[in-house]
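By the UniProt record's numbering, the letter at position 460 of the sequence shown is numbered 460, and the numbering carries on one by one without gaps. For each residue, glycine too, the CB sits at the ideal point set by N, CA and C. To start, the structure under review is shown below, and the notes come after it.
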Amino acid sequence: MSKFQFSAASQQQSDDQLGGPSTDLSTGEKLIQLLEIIGDESLGKYNKNPKLRIQKVENVNTALAFIKKRNVGLTNIGSEDIVDSNEKLILGLIWSIILRFSIADISEEGLTAKEGLLLWVQKRTTPYKSDFFVKNFTNDWQDGLAFCGLIHRHRPDLLDYWSLDKSKRHENMNLAFEIAERELGIPKLFNVEDIIDVIKPDERSVMTYVAQYFHAFSQLDKLGNAGRRVGQFGQVMAQVWAMQNDYEKRVQALTEQIKFTQSNWSKSTFQGYADAKRQLLDFDNYKNTLKRTWVMEKRDLDTLLGNILTKLKTYNLPPYHPPKGLTPQDLEHTWSGQIKCEAERKRKISIYIKEIKEVLKTKYANAANQYQDNLNQLSLSITGLDGELDQQLNGVQRLISGLEPLKQHLKSIEELSRECDEANIDDNEYTIFSVEDLTFELGILHQSLLKTKAFIENQMVARNYTNITPQQLEGYTESFRHFDTDRDNLLTSNEFMACLQAEGISITDAEVSKVFGGRNSLTFQQFIDFMTTNEEDKTTPEQLEISFAALALDKGYISEKDMYMGGLTGPVVDYFKSTMPRKDDGYDYKP
1 MSKFQFSAAS QQQSDDQLGG PSTDLSTGEK LIQLLEIIGD ESLGKYNKNP KLRIQKVENV
61 NTALAFIKKR NVGLTNIGSE DIVDSNEKLI LGLIWSIILR FSIADISEEG LTAKEGLLLW
121 VQKRTTPYKS DFFVKNFTND WQDGLAFCGL IHRHRPDLLD YWSLDKSKRH ENMNLAFEIA
181 ERELGIPKLF NVEDIIDVIK PDERSVMTYV AQYFHAFSQL DKLGNAGRRV GQFGQVMAQV
241 WAMQNDYEKR VQALTEQIKF TQSNWSKSTF QGYADAKRQL LDFDNYKNTL KRTWVMEKRD
301 LDTLLGNILT KLKTYNLPPY HPPKGLTPQD LEHTWSGQIK CEAERKRKIS IYIKEIKEVL
361 KTKYANAANQ YQDNLNQLSL SITGLDGELD QQLNGVQRLI SGLEPLKQHL KSIEELSREC
421 DEANIDDNEY TIFSVEDLTF ELGILHQSLL KTKAFIENQM VARNYTNITP QQLEGYTESF
481 RHFDTDRDNL LTSNEFMACL QAEGISITDA EVSKVFGGRN SLTFQQFIDF MTTNEEDKTT
541 PEQLEISFAA LALDKGYISE KDMYMGGLTG PVVDYFKSTM PRKDDGYDYK P
């Protein structure tokens with residue numbers, strides 16, 4: 001134990017040559033220095049290099065007073081015992097000091113200092129239990145493996161335990177002592193032989209030496225804990241910083257996206273219904289896609305900020321205050337502005353669509369109503385034709401020519417109707433005329449004009465014939481109009497044959513071809529010429545009545561079946577049905 005005393009004291013006065021404890025502590029000066037070092041506290045003024053006994057006693061009393069203050073029990077020892085170099089009492093005092101300042105503060109699971117130190121050794125050397133197991137502070141340390149194990153467990157960079165030759169006890173012990181002194185600052189309190197080459201090493205000496213390992217490695221543990229604590233703090237701060245940076249970037253990005261959208265909306269204009277409808281669909285799509293991502297992002301940002309504040313509070317750190325413009329209040333203000341902007345955007349589009357629908361309905365109605373008025377005026381013009389036939393014909397031709405602009409104008413009305421359909425306008429309270437109505441009216445007017453033109457032309461032809469009666473001419477004219485199904489004032493070969501059959505004239509295909517002379521149709525005048533030429537061969541009314549009576553089987557009326565049985569064609573039957581009066585179950589054929 002004297003080596004422990006000398007080692008501690010040498011930290012303050014390394015140049016002093018120390019002898020035994022009984023003589024070195026007798027002046028009290030070295031004892032005070034020892035206590036100041038291991039107690040880490042100044043004892044105040046004392047006598048340096050005392051020569052007088054009284055000075056030595058004062059020094060020793062100062063040391064003993066400090067020892068008592070640090071709760072070290074002193075039994076049967078006084079200052080005179082130390083001044084008089086009572087070696088037995090001095091060694092007991094040194095052990096008490098060692099026990100108090102080096103070992104007593106060792107605590108492991110509530111055990112005594114000795115038991116706690118032993119338990120600490122056992123825990124730290126668990127990985128090496130296949131080679132040794134420490135149960136005491138005497139023989140279990142004689143092979144040096146326990147010291148090497150402690151060093152390797154705490155500082156594997158200093159010693160490779162697994163490469164040791166376990167049989168070389170002196171080498172292993174010396175290696176541990178050398179490394180402990182050189183790298184850990186643990187002085188050699190005894191020689192290798194003091195432990196290995198004795199039957200039983202001094203327990204107190206071994207405890208004292210092992211305690212130095214405990215303190216050295218405890219300091220490393222404290223540094224490690226402090227490092228881990230600082231590292232954890234650094235990780236927390238890095239996480240918080242990353243979270244704060246993420247929060248600020250995302251708030252900034254969300255705010256910019258919202259403002260960009262608002263700017264685009266404020267600049268938008270409408271180019272008709274289709275464009276307004278497209279913008280309305282875009283707005284609905286925005287609400288179902290982009291806005292929903294914004295809502296989720298806003299909720300995530302609220303959660304992120306809450307997590308930041310919670311983490312800071314957990315580690316007792318100052319709360320985080322986002323920069324101006326990125327606070328929750330700023331984000332909420334921007335969001336509220338977006339909600340108002342959305343409402344204004346929807347209102348603006350809806351009003352425009354409503355207004356443009358009204359414009360489209362009015363525009364179409366005005367055009368359709370005016371178009372109908374124009375048709376009515378043309379129709380009235382037909383009844384207002386007067387003058388000579390040539391003048392009337394010219395008037396009709398002018399009216400027919402006037403239909404072409406109306407046909408073109410109808411296309412523009414159709415376009416207006418299409419625009420109304422695209423605008424989903426199902427009803428127009430400003431007009432009753434649809435495009436179909438106007439198209440039908442135009443077709444009817446066109447047919448009326450063509451009929452009028454044909455009638456006038458036929459009248460002009462008829463006035464030149466004097467060899468037939470007016471009644472005959474009227475009959476021919478009526479037959480011609482009836483079989484002119486396409487109203488072009490011309491008869492095809494089939495129409496011509498049907499017309500002749502209705503007049504009671506039988507004609508062969510060869511004769512028809514001769515009449516047509518290679519033409520595809522006959523004009524009214526050509527038809528009248530043919531009828532006039534064949535007038536001499538025409539059956540008399542009396543003969544015609546006899547023929548009808550034969551077909552009717554003398555019933556006094558002829559049925560549709562009778563006519564078909566007589567070989568009349570469908571068009572001729574239809575003609576007779578439309579011209580003969582009804583009688584009983586058929587038609588009256590008598591004049």
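What do you get for residue i, buried or exposed, if any count of 16 or more other CB atoms within 10 angstroms of its CB means buried?
i: residue 528; result: buried
i: residue 352; result: buried
i: residue 536; result: The predicted position of residue 536 is uncertain, since its pLDDT is 49 and thus under 50; a value taken from the coordinates is nonetheless stated next. Classification for residue 536: exposed.
i: residue 315; result: exposed
i: residue 212; result: buried
i: residue 497; result: buried
i: residue 345; result: buried
i: residue 233; result: exposed
i: residue 125; result: buried
i: residue 326; result: buried
i: residue 373; result: exposed
i: residue 151; result: buried
i: residue 12; result: In this prediction, residue 12 scores a pLDDT of 46, lower than 50, which makes its location untrustworthy; no coordinate-derived value is stated.
i: residue 27; result: buried
i: residue 36; result: buried
i: residue 376; result: exposed
i: residue 436; result: exposed
i: residue 6; result: Confidence at residue 6 is low in this model, with a pLDDT of 41, below 50, so its placement is unreliable and the value that follows should be read with caution. Buried is the call here.
i: residue 565; result: exposed
i: residue 355; result: exposed
i: residue 50; result: buried
Assuming residue i is part of the alpha helix (DSSP H), what are its boundary residues?
i: residue 169; result: 169-184
i: residue 409; result: 403-422
i: residue 381; result: 328-383
i: residue 200; result: Counting along the chain, residue 200 falls outside any alpha helix (DSSP H), and DSSP gives it neither H nor E.
i: residue 56; result: 53-69
i: residue 195; result: 193-196
i: residue 119; result: 113-124
i: residue 427; result: Neither: residue 427 is in no alpha helix (DSSP H) and is coded neither H nor E.
i: residue 149; result: 145-154
i: residue 514; result: 509-516
i: residue 81; result: 79-83
Compare the C-beta of residue i with all C-beta atoms of chain D and state if any pair is closer than 8 Å.
i: residue 568; result: In summary, chain D is missing from the structure at hand, where a single protein chain is found.
Looking at C-alpha atoms only, which residue of the options is the closest neighbour of residue i?
i: residue 301; options: 345, 350 and 246; result: 246
i: residue 429; options: 495, 365 and 266; result: 365
i: residue 589; options: 171, 553 and 248; result: 553
i: residue 160; options: 60, 404 and 175; result: 175
i: residue 413; options: 368, 386 and 198; result: 368
i: residue 444; options: 189, 400 and 323; result: 400
i: residue 116; options: 523, 236 and 214; result: 214
i: residue 157; options: 294, 184, 483 and 90; result: 184
i: residue 438; options: 395, 371, 416 and 417; result: 371
i: residue 197; options: 170, 179 and 187; result: 170
i: residue 595; options: 41, 519, 550 and 545; result: Because the chain here runs from 1 to 591, residue 595 falls outside it and cannot be looked at.
i: residue 442; options: 578, 404 and 190; result: 404
i: residue 172; options: 182, 155, 187 and 141; result: 141
i: residue 601; options: 193, 294 and 313; result: In the structure as shown, the chain begins at 1 and stops at 591. Residue 601 is therefore absent and cannot be evaluated.
i: residue 68; options: 43, 113 and 577; result: 43
i: residue 153; options: 573, 166 and 129; result: 129
Q) Which ranges would you report for the alpha helix (DSSP H) in the segment 253-299 if only whole runs of at least 4 residues count? A) Runs of the alpha helix (DSSP H) inside the segment 253-299: 273-288.
Q) Are there three or more Cβ pairs, one per stretch, closer than 8 Å when the segment 129-149 is compared with the segment 192-207? A) yes
**Q.** the segment 255-263 touching the segment 328-342, judged by at least three CB pairs closer than 8 Å
**A.** yes
Q.
Under 8 Å, with one C-beta from each stretch per pair, do the segment 413-428 and the segment 272-285 reach the 3-pair mark?
A. yes
Q) Where in the segment 534-575 do unbroken runs of the alpha helix (DSSP H), each at least 4 residues long, occur, reported from the N-terminal end onward? A) Whole alpha helix (DSSP H) segments, 4+ residues: 541-551 and 560-565.
Q. What are the complete alpha helix (DSSP H) segments, minimum 4 residues, inside the UniProt domain "EF-hand" (471-506)?
A. 493-502
Q) Counting pairs of beta carbons, one from the segment 398-413 and one from the segment 471-479, are three or more of them closer than 8 Å? A) no
(Q) Any contact between the segment 238-258 and the segment 288-302? By contact I mean 3 or more CB pairs, one from each, below 8 Å. (A) yes
Q) Touching or not, the segment 376-384 and the segment 321-335, by the rule of three or more beta carbon pairs under 8 Å? A) no
Q: Please determine if the segment 548-562 and the segment 516-533 are in contact, where contact requires at least 3 C-beta pairs separated by less than 8 Å.
A: The segment 548-562, when compared against the segment 516-533, does not touch it at the 8 Å Cβ threshold.
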